[in-house]
Amino acid sequence: MLKVRDLHKNFVVGHGALGRFQHPDHVIKAVDGVSFDVAAGEILGIVGESGSGKTTLARTILRLSRADSGSVRYRGVEVLDMQGKELKQFRREVQPIFQDADSTLDPHQSVSSILQEPLLIHGVGDEEQRRWAVSAVMRNVNLAPSFLNRHPSELSGGQRQRVAMGRALLLEPRLIVADEPTSGLDPLVAAQILSLLLGLKRERGLSIVLITHDLDTVAYASDRVGVMYRGRVVETIGGAEFRHGALHPYTRLLLGLDEMLGQPVLQEGVHEHVHVFEQGCAYVNSCPHHVHECHHDSPALREVSPGHFVACHVVGQRRELWRVGMKR
Ligand SMILES: Nc1ncnc2c1ncn2[C@@H]1O[C@H](COP(=O)(O)OP(=O)(O)OP(=O)(O)O)[C@@H](O)[C@H]1O
Ligand SMILES: [Mg+2]
Numbered sequence: 002m003l004k005v006r007d008l009h010k011n012f013v014v015g016h017g018a019l020g021r022f023q024h025p026d027h028v029i030k031a032v033d034g035v036s037f038d039v040a041a042g043e044i045l046g047i048v049g050e051s052g053s054g055k056t057t058l059a060r061t062i063l064r065l066s067r068a069d070s071g072s073v074r075y076r077g078v079e080v081l082d083m084q085g086k087e088l089k090q091f092r093r094e095v096q097p098i099f100q101d102a103d104s105t106l107d108p109h110q111s112v113s114s115i116l117q118e119p120l121l122i123h124g125v126g127d128e129e130q131r132r133w134a135v136s137a138v139m140r141n142v143n144l145a146p147s148f149l150n151r152h153p154s155e156l157s158g159g160q161r162q163r164v165a166m167g168r169a170l171l172l173e174p175r176l177i178v179a180d181e182p183t184s185g186l187d188p189l190v191a192a193q194i195l196s197l198l199l200g201l202k203r204e205r206g207l208s209i210v211l212i213t214h215d216l217d218t219v220a221y222a223s224d225r226v227g228v229m230y231r232g233r234v235v236e237t238i239g240g241a242e243f244r245h246g247a248l249h250p251y252t253r254l255l256l257g258l259d260e261m262l263g264q265p266v267l268q269e270g271v272h273e274h275v276h277v278f279e280q281g282c283a284y285v286n287s288c289p290h291h292v293h294e295c296h297h298d299s300p301a302l303r304e305v306s307p308g309h310f311v312a313c314h315v316v317g318q319r320r321e322l323w324r325v326g327m328k329r
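Next comes the structure, spelled out in structure tokens:
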């Protein structure tokens, strides 16, 4: 369904934004050589701390932001080169759901016209068919028909997120890229939104890229999990294995599996990292297990067991030793 290969997206910040005066300190490698696949009907969870590049990755895949290099293939076609009709069809089949429904729903429109809009843009159906499609999608996202006449300001956060989901579903997408779709919602509402997403996958065979910093959500919902650290994917692992079977030192730190270290908070909204490392492992300075080559050789993702990939020299070389050490 989706094949992402060696995707790069840099941001140039501060002074030196003028070409040849660029200083490496001012280049943020927000997405730094990311590769992964999403199969049809699969939920790929992406997890990582604030500033690790999750949103940039989503925006680059969705063509909302231009990639610097790499490849994103959707059903065999290069997304980064799409134009005209092809791009429009892509925008129809691949729908984003963002965290903040407030900012994506027009406050001046009623729910009814918000939901009609994508159908109008893509010239789908006549008026009656559109009305029928809107009421069907309202049922899908568990909103009563009476909400159709309301405006976003007259809805709760969870209801707004349902409207945003409804809007994404109207065009019958094959792939949804959801960036923190449940964050900011209270736990009960978040669970409802999540179960809606899971239902869509089950009933319609939708593929979903589910971006979150919530480890419970990602472990519960995902078929596979990709862990991002400073713009790179450092581990991909089955959702069922994630909680206890992760091997990358950073993932283990996140999950509290590495007893020597505390568990960091995966908060959102703080972008403090400036990523500058031309060579070596991105995690080397925080890793308690680093060896000499971690400083000058960037580890590639290596398959350590079927479907489980880890980008770590230590895990790659001394896996059995490592497992024993971790259990201690
Ligand atoms: N438009 C931009 N201009 C410059 N730097 C940016 C821009 N957008 C993102 N960045 C930087 O790129 C890095 C990745 O940011 P991104 O928003 O993708 O992280 P994230 O993983 O989504 O974080 P969060 O969990 O807080 O949402 C950060 O260091 C951020 O400061
Ligand atoms: Mg983000």
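In our numbering, the protein residues as written are 2 to 329.
All C-beta atoms in this analysis are idealised placements derived from N, C-alpha and C, irrespective of residue type, glycine included.
All values derive from a computational prediction rather than experimental measurement.
For residue i, three-class secondary structure by DSSP
i    : result
H309 : strand
P146 : helix
D7   : strand
G239 : strand
A59  : helix
Y221 : helix
E294 : helix
D344 : The structure shown does not extend to residue 344, since the chain is modelled only from 2 through 329, so no value can be given for it.
E155 : helix
E43  : coil
L120 : helix
G167 : helix
A137 : helix
Spatial distance of residue i from residue j (CA atoms)
i    : j    : result
Y1   : S287 : Residue coverage of the chain in this structure runs from 2 to 329, which leaves residue 1 outside it and unanswerable.
G263 : V32  : Residue placement at G263 cannot be trusted, given a pLDDT of 46 that sits under 50; what the coordinates show is reported in the next sentence. Rounded to the nearest angstrom, the two C-alpha atoms are 26 Å apart.
E129 : T105 : 26 Å
S157 : E304 : 44 Å
V197 : R74  : Looking at the sequence provided, one finds Leu at residue 197 rather than Val. Cα to Cα, the separation comes out at about 27 Å.
A134 : V125 : 10 Å
L88  : V80  : 8 Å
R184 : H291 : Position check: residue 184 holds Ser in this sequence, whereas Arg was assumed. Their backbone Cα atoms lie some 34 Å apart in a straight line.
N- and C-terminal bounds of the beta strand (DSSP E) containing residue i
i    : result
G227 : 225 to 230
Q96  : 95 to 99
R74  : 70 to 75
Cβ-based neighbour list, residue i, same chain, cut-off 6 Å, excluding 5 preceding and 5 following
i    : result
V190 : G159
P289 : none
L302 : F310, A312
CB of residue i within 8 Å of CB of residue j, strictly
i    : j    : result
S36  : R6   : yes
L45  : R225 : yes
I194 : L201 : no
Residue i: first and last residue of the uninterrupted alpha helix (DSSP H) it sits in
i    : result
T213 : Careful: T213 lies outside any alpha helix (DSSP H), inside the beta strand (DSSP E) at 208 to 213.
Y251 : 250 to 256
L195 : 188 to 205
Residues of its chain near residue i, where Cβ-Cβ distance is below 7 Å and the 5 sequence neighbours each way are ignored
i    : result
A165 : I98, A102, T105, L106
Residues near residue i by beta carbon distance below 8 Å, same chain, minus five either side
i    : result
P174 : R93, E94, V95, Q96, L207
P108 : H152, P153, S154
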